[in-house]
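Encoded as structure tokens, the structure appears first; notes follow it.
Residue numbers (full-length UniProt numbering): 1 to 351.
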């Protein structure tokens with residue numbers, strides 16, 4: 001009997017040890033480039049770019065999607081906007097290097113409140129809130145709950161409305177007591193690493209993923225046990241949350257732009273982006289043809305033009321989107337790119 005127990009425990013202990021080793025390795029490979037700030041009993045991590053003297057845009061707050069961290073939006077936007085605005089790139093509660101905080105932070109409204117507290121600590125009175133994918137729900141919550149701090153809202157391939165279907169099985173397993181702990185500490189790292197290449201390509205599908213995307217954005221940080229647990233908990237609560245909250249979006253009054261691709265198989269644009277455009281009076285929907293779930297990378301120029309328009313500058317976003325489509329089409333003609341197969345639309349991977 002003892003031998004049988006040992007035969008079971010030994011590989012489990014080895015797997016847990018391997019996870020611990022890899023988690024430290026992930027953090028060494030992608031060290032924290034931000035600064036931790038106490039926001040009331042827990043610390044939020046962010047990269048804060050101070051307002052430059054020649055700024056021509058309001059402050060900008062960037063919120064990453066699911067399974068991500070602040071590096072995703074830093075890589076997409078920082079260099080392009082350097083010198084134009086004060087910027088705050090946030091690790092959401094429980095993600096990247098931010099601590100989770102209390103139970104309220106398990107839903108988008110709580111995370112929106114946490115970001116509002118962080119803005120106060122950083123001396124940012126008002127900002128354009130930019131949210132990608134899962135953070136569409138957080139961006140909407142921010143606009144509802146903190147209108148005084150909202151200069152405008154920019155939604156990028158947002159997840160904001162109820163969808164048919166569910167989420168992947170491992171998000172359910174990861175949040176089960178005891179079994180979830182074992183899964184997160186023994187299985188997630190080897191399983192996640194085996195899927196990392198394909199998964200990141202699928203998030204960009206049908207567009208090519210930047211060759212240095214993994215190297216620059218640290219997606220493996222989500223495979224750390226606590227981060228994976230928090231990510232899974234966010235996913236599990238999202239559907240019920242948007243069912244309850246989406247009827248309130250009509251109360252949003254901030255200047256709003258929604259940018260989506262028409263080939264997004266991660267978050268259906270006809271449900272989420274069109275739903276937001278319908279619900280928020282005066283909002284503008286910009287659909288970039290041929291783009292999947294990453295308009296922040298594939299149509300960064302359109303997103304920046306949207307920020308400019310929100311700030312009061314005259315911009316024809318539809319014309320700018322058409323030029324982006326031409327640019328993307330020309331790029332595809334110039335190179336042959338192997339793309340990964342699509343995911344089920346209800347999977348919400350990388351949201």
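Just so it is clear, CB atoms sit at the ideal spot from N, CA and C, and this is done for glycine as well.
Residues near residue 99 by beta carbon distance below 6 angstroms, same chain, minus five either side: Walking along the chain shown from the start, residue 99 turns up at place 99. Same-chain partners within the cutoff: 42 and 43.
Burial state of residue 73, where buried means 16 or more other Cβ atoms lie within 10 Å: As a working mapping, residue 73 is identified with position 73 in the chain shown. For residue 73, the number of other beta carbons within 10 angstroms of its own is at least 16, and it is reported as buried.
Minimum length 3: unbroken beta strand (DSSP E) runs contained in the stretch 266–328: Counting only runs of 3 or more, we get 284–288.
When 299, 176, 17 and 75 are compared against residue 214, the one with the closest alpha-carbon: For this step, residue 214 is matched to residue 214 along the chain shown. It is 75.
CB contact flag (residue 306, residue 257, <8 angstroms): By 1-based counting over the chain shown, the position of residue 306 is 306. By 1-based counting over the chain shown, the position of residue 257 is 257. The beta carbons of residue 306 and residue 257 sit closer together than 8 angstroms.
Distance CB(residue 180)-CB(residue 158) smaller than 8 angstroms: As a first step, residue 180 is located in the chain shown; it is residue number 180 there, counting from the start. As a first step, residue 158 is located in the chain shown; it is residue number 158 there, counting from the start. No, they are not a contact pair.
Residue 231 - containing alpha helix (DSSP H), residue span: Working through the chain shown from its first residue, we reach residue 231 at position 231. In the DSSP annotation of this structure, the continuous segment of the alpha helix (DSSP H) that includes residue 231 starts and ends at 225–245.
Contact with chain C by residue 240, beta-carbon distance below 8 angstroms: No chain C is part of this structure, which consists of one protein chain only.
Backbone CA spacing between residue 324 and residue 293 [nearest angstrom]: Residue 324 sits at position 324 when you count from the first residue of the chain shown. Residue 293 sits at position 293 when you count from the first residue of the chain shown. Their Cα atoms are separated by approximately 15 angstroms.
Same chain only: Cβ atoms within 6 angstroms of residue 188, ignoring 5 sequence neighbours per side: Taking the chain shown and counting its residues from 1, the one referred to as residue 188 is at position 188. Counting only residues of its own chain and dropping the five nearest sequence neighbours on each side, residue 188 has a CB closer than 6 angstroms to the CB of 223 and 228.
Inter-residue spacing [alpha-carbon to alpha-carbon] between residue 174 and residue 235: The sequence position of residue 174 within the chain shown is 174, counting from 1. The sequence position of residue 235 within the chain shown is 235, counting from 1. Computed Cα separation, rounded: 11 angstroms.
Whole-angstrom C-beta distance between residue 89 and residue 47, which should lie under 8 angstroms: Taking the first residue of the chain shown as 1, we reach residue 47 at position 47. Taking the first residue of the chain shown as 1, we reach residue 89 at position 89. Indeed they touch by this definition, with Cβ atoms about 4 angstroms apart.
CA-to-CA distance, residue 255 to residue 51, given in whole angstroms: Position 51 of the chain shown holds residue 51. Position 255 of the chain shown holds residue 255. Roughly 22 angstroms separates the two Cα atoms.
Span separating the alpha-carbon of residue 151 from that of residue 11: Locating residue 151 in the chain shown gives position 151, counting from the first residue. Locating residue 11 in the chain shown gives position 11, counting from the first residue. A straight line joining the alpha-carbon of residue 151 with that of residue 11 spans about 54 angstroms.
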